[in-house]
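Data block below; observations after.
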Amino acid sequence: MAKLTIHRKGHTRKAYTAKRGGKTVKVGKSRVKPSTFKARDRGKKGRGPKIVPPLEEGALGGSGFFNRTNDEQERIVFERAKELGEKKVVGELRALQVFFKTTDPQKSKRALELSKKVAGSFKGKQKVEYPEGFGKSP
């Protein structure tokens, strides 16, 4: 197990009343000194911070993806899904959706719409049209 170094700041603790056994003890205000010590990492394996990997530059047709028409955006996204697979493209769109959530809600909504369209349109790497679904085969 890995050892972590823990640094605690000093602070002033408020006064309080404690019950110890059958007695009530008043403890006055006091200063807690800063301390540094080592402790083992008790976290579960693989539970570290979830960090979104950086998107490849020009992944969705370069900058200005959201300035293009809706048809053009869909064409770019579906072509990319055919190349790389639907999961990767949906992941990229979901990442954009999260990034734009507070800064540009319209782009965020559009990214979510596109990810839902792509997610439901592929079986493996083969595009499946909406009315047919996955069950029927020609």
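The numbering of the sequence shown is UniProt numbering, which starts it at 1 and goes up by one. Don't be surprised by glycine CBs; every beta carbon is placed ideally from N, CA and C. On a predicted model such as this, the values are computed, not experimentally measured, just so you know.
Helix, strand or coil, according to DSSP, for S35 in the structure here? Position 35 of the sequence shown holds residue 35. In this structure, S35 counts as strand in the three-state DSSP scheme.
Assign L93 to one of two classes, buried (16 or more other C-beta atoms within 10 Å of its C-beta) or exposed (fewer than that). If you number the sequence shown from 1, residue 93 lands on position 93. Buried: at least 16 other Cβ atoms inside 10 Å.
Report back the beta-carbon spacing between V90 and S115 to the nearest angstrom; my notes put them in contact at under 8 Å. Sequence index remark: in the sequence shown, residue 90 carries index 90 (1-based). Sequence index remark: in the sequence shown, residue 115 carries index 115 (1-based). Contact flag correct, Cβ pair sits at about 5 Å.
Same chain only: Cβ atoms within 7 Å of T24, ignoring 5 sequence neighbours per side: Indexing the sequence shown from 1 puts residue 24 at position 24. Cβ within range, chain order: T17.
By alpha-carbon positions, which one of A81, S108, T5 and G46 ends up nearest to S35? The residue you call residue 35 lines up with position 35 of the sequence shown. Of the candidates A81, S108, T5 and G46, the one whose C-alpha sits nearest the C-alpha of S35 is T5.
So A119 and E86 are supposed to be a Cβ contact under 8 Å. How far apart are they, rounded? Locating residue 119 in the sequence shown gives position 119, where the first residue counts as 1. Locating residue 86 in the sequence shown gives position 86, where the first residue counts as 1. That belief holds up - the Cβ atoms of A119 and E86 are roughly 7 Å apart, short of 8 Å.
Looking only at its chain, what residues have a beta carbon closer than 6 Å to the beta carbon of K107, apart from the 5 residues adjacent to it on each side? Here residue 107 is taken as the residue at index 107 of the sequence shown, counted from 1. Contacts found: F66 and F100.
Span of the beta strand (DSSP E), counted from its first residue to its last, around K19: Translated into the one-based positions of the sequence shown, residue 19 becomes position 19. First-last of the beta strand (DSSP E) with K19: Y16 to R20.
Using beta-carbon positions only, say whether S30 and R13 come within less than 7 Å of one another. Within the sequence shown, the letter at position 30 stands for residue 30. Within the sequence shown, the letter at position 13 stands for residue 13. For S30 and R13, yes; Cβs fall inside 7 Å.
Given a threshold of 16 other Cβ atoms within 10 Å of its Cβ, counted over all protein chains shown, does V32 qualify as buried or as exposed? Walking along the sequence shown from the start, residue 32 turns up at place 32. By the 10 Å Cβ count, V32 comes out exposed.
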